[in-house]
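Q:
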Amino acid sequence: MTIFDLTERSTLILKKYEKYDSDLKKKGTSSASDPFTEELEELEAEVNKLMVIAGEVALETNRTAIAAKNAEIRRVKNVMLTDAIDSVSKKVKKGKGINKEIIKDRNQKVQDLIDKIYAIPDGMSGGQNKRPSRYNKFDKKGKQATVMLDLENNVGQHLENNPLYWQENEQTQQFEKTWETRKLKQDAQLDRIGNTVETLGELARGMGDALDRQAPVLDDVEAQINKVTATIKTNNVKLKGIVHKMANARNFCMDVVLIIILLAIGGYLYSVFK
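Position 53 of the sequence shown, counting from 1, maps to 53 under full-length UniProt numbering, and the rest follow consecutively.
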């Protein structure tokens with residue numbers, strides 16, 4: 001089973017349980033008492049969506065995209081024609097007031113839906129538009145046995161053994177190989193990116209822890225610097241006062257010296273002219 005099979009099976013399961021949505025509950029109690037009709041309508045909705053996708057493929061010009069979408073369509077058709085159809089077929093006789101006419105009508109609806117599924121183009125060459133015949137195999141007691149499907153009107157051929165449906169061409173095989181190779185490369189790149197991101201995260205956490213440990217030391221250094229700065233400012237103020245006092249004392253001494261010199265000159269002149 002490939003990843004596409006898992007994806008499509010998961011999608012069908014999710015669609016199956018969408019009936020518990022509040023919007024779908026508003027349909028009334030009729031669908032709740034008729035599981036066949038409910039599941040058939042859900043499957044028809046999925047078939048219509050698949051037909052829309054097939055229509056988009058017809059407008060696609062990229063060969064790689066066409067191959068990818070056709071491969072997806074084939075896988076979805078396989079899921080529908082096996083699990084989904086088998087599940088619907090098991091509910092043909094379930095419900096209230098079921099009679100032979102209703103069972104016959106339901107079988108016809110299932111057959112029409114199978115024909116509709118096979119009619120969806122999927123890029124396969126040879127018989128892709130052929131509609132399979134379907135018949136119900138009954139045992140001696142009239143109970144319905146395994147549902148058989150046949151593209152070539154050969155009774156007894158199971159869908160799983162149908163060579164037309166499972167046939168693949170070189171283009172799809174090449175695309176699958178390319179897809180697997182690129183997926184492995186992308187996974188490797190994502191792993192490397194994940195490891196790098198994890199390493200960066202560890203570095204960031206380590207730097208954060210280191211900063212947290214250094215924060216008290218930095219706070220202490222800042223406090224010491226502030227204290228020294230305040231002390232220097234105080235000393236500068238004191239030094240400025242001392243320098244100012246020394247300048248005043250120097251000026252006073254110079255004034256005294258000048259006065260003494262003037263007095264000496266005056267005394268000398270007085271003694272000369274006396």
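All residues carry an ideal CB built from backbone N, CA and C; glycine is no exception.
#1: Where do the N-terminal and C-terminal ends of the alpha helix (DSSP H) with residue 123 fall, by residue?
#2: Would you tell me roughly how many angstroms separate the C-alpha atoms of residue 230 and residue 222, rounded to the nearest one?
#3: Please give me, in chain order, every unbroken run of the beta strand (DSSP E) with length at least 3 that falls completely inside the segment 207-238.
#4: Taking residue 172 as the reference, give the member of 36, 122, 44 with the closest Cα.
#5: So the candidates are 62, 270, 71; which of them puts its Cα closest to the Cα of residue 169?
#6: Inspect the beta-carbon positions of residue 73 and residue 114 and report whether they are closer than 8 Å.
#7: Go ahead and label residue 110 buried or exposed: buried means 16 or more other beta carbons lie within 10 angstroms of its beta carbon, across all protein chains shown.
#8: Do residue 36 and residue 314 come within 8 Å of each other at the CB atom, strictly closer than that value?
#9: Could you have a look at residue 93 and say whether DSSP puts it in helix, strand or coil?
#10: Would you tell me roughly how many angstroms separate the C-alpha atoms of residue 102 and residue 92, rounded to the nearest one?
#11: May I have the straight-line CA-CA distance separating residue 120 from residue 98, to the nearest angstrom?
#12: Report all residues from its chain with a CB closer than 7 Å to the CB of residue 64; omit the five preceding and five following residues, and keep chain order.
#13: What is the DSSP secondary structure of residue 61, reduced to helix, strand or coil?
#14: Exposed or buried, what is residue 89 when buried is set at 16 or more other beta-carbons lying within 10 Å of its beta-carbon?
#15: If we call anything under 8 Å between Cβ atoms a contact, is residue 52 one with residue 69?
#16: In the structure shown, what three-state DSSP assignment does residue 109 receive?
#17: Roughly how many angstroms separate the alpha carbons of residue 14 and residue 43, rounded to a whole number?
#18: Taking just the CA atoms, how far does residue 34 sit from residue 105?
#19: Is the Cβ-Cβ distance between residue 47 and residue 116 less than 8 Å?
#20: Assign residue 78 to one of two classes, buried (16 or more other C-beta atoms within 10 Å of its C-beta) or exposed (fewer than that).
#21: When DSSP labels each residue in this structure, what does residue 85 get in the three-state scheme?
#22: So what does DSSP say about residue 195, is it helix, strand or coil?
#23: Using C-beta distances below 7 Å, list every residue in its chain close to residue 269, excluding the 5 sequence neighbours before and after it, in chain order.
A: According to the structure shown:
#1: Here residue 123 refers to the residue found at position 123 of the sequence shown. First-last for residue 123: undefined, no H or E at that position.
#2: Numbered from 1 along the sequence shown, position 230 holds the residue referred to as residue 230. Numbered from 1 along the sequence shown, position 222 holds the residue referred to as residue 222. In a straight line, the C-alpha of residue 230 is about 12 Å away from that of residue 222.
#3: none
#4: Position 172 of the sequence shown, counting from 1, holds the residue named residue 172. Nearest of 36, 122, 44 to residue 172, Cα basis: 122.
#5: The sequence position of residue 169 within the sequence shown is 169, counting from 1. It is 71.
#6: As a position in the sequence shown, residue 73 is number 73, starting the count at 1. As a position in the sequence shown, residue 114 is number 114, starting the count at 1. No.
#7: Within the sequence shown, residue 110 is the residue found at index 110, counting from 1. By the neighbour-count rule (16 or more Cβ atoms within 10 Å), residue 110 is buried.
#8: Any property of residue 314 remains undetermined from this structure, which presents the chain solely from 1 to 274.
#9: Taking the sequence shown and counting its residues from 1, the one referred to as residue 93 is at position 93. Here residue 93 sits in coil by DSSP.
#10: Translated into the one-based positions of the sequence shown, residue 102 becomes position 102. Translated into the one-based positions of the sequence shown, residue 92 becomes position 92. Going by the C-alpha atoms only, they are around 9 Å apart.
#11: Position 120 of the sequence shown, counted from the first residue, corresponds to residue 120. Position 98 of the sequence shown, counted from the first residue, corresponds to residue 98. Distance between the alpha carbons of residue 120 and residue 98 is about 32 Å.
#12: If you number the sequence shown from 1, residue 64 lands on position 64. Answer for residue 64: 175, listed in chain order.
#13: Looking up residue 61 in the sequence shown gives position 61. Three-state DSSP puts residue 61 in coil, outside helix and strand.
#14: Working through the sequence shown from its first residue, we reach residue 89 at position 89. With 16 or more other Cβ atoms within 10 Å, it is buried.
#15: The residue labelled residue 52 in the question sits at position 52 within the sequence shown. The residue labelled residue 69 in the question sits at position 69 within the sequence shown. No; because the gap between Cβ atoms is not below 8 Å, this pair is not in contact.
#16: Reading the sequence shown from its first residue, position 109 is the one you call residue 109. Three-state result, residue 109: helix.
#17: Along the sequence shown, read from residue 1 onward, the residue named residue 14 stands at position 14. Along the sequence shown, read from residue 1 onward, the residue named residue 43 stands at position 43. Taking the straight line from one Cα to the other gives about 12 Å.
#18: Counting from one through the sequence shown, the residue named residue 105 turns up at place 105. Counting from one through the sequence shown, the residue named residue 34 turns up at place 34. The straight-line gap from Cα to Cα measures roughly 14 Å.
#19: On the sequence shown, residue 47 is found 47 positions in, with the first residue counted as 1. On the sequence shown, residue 116 is found 116 positions in, with the first residue counted as 1. Going by C-beta atoms, residue 47 is nearer than 8 Å to residue 116.
#20: What you label residue 78 is simply residue 78 of the sequence shown in a count that begins at 1. Flag for residue 78 reads buried.
#21: As a first step, residue 85 is located in the sequence shown; it is residue number 85 there, counting from the start. Residue state, collapsed to three classes: helix.
#22: Walking along the sequence shown from the start, residue 195 turns up at place 195. Reduced to three states, the DSSP call for residue 195 is helix.
#23: As a working mapping, residue 269 is identified with position 269 in the sequence shown. So the list is empty, once near-sequence residues are dropped.
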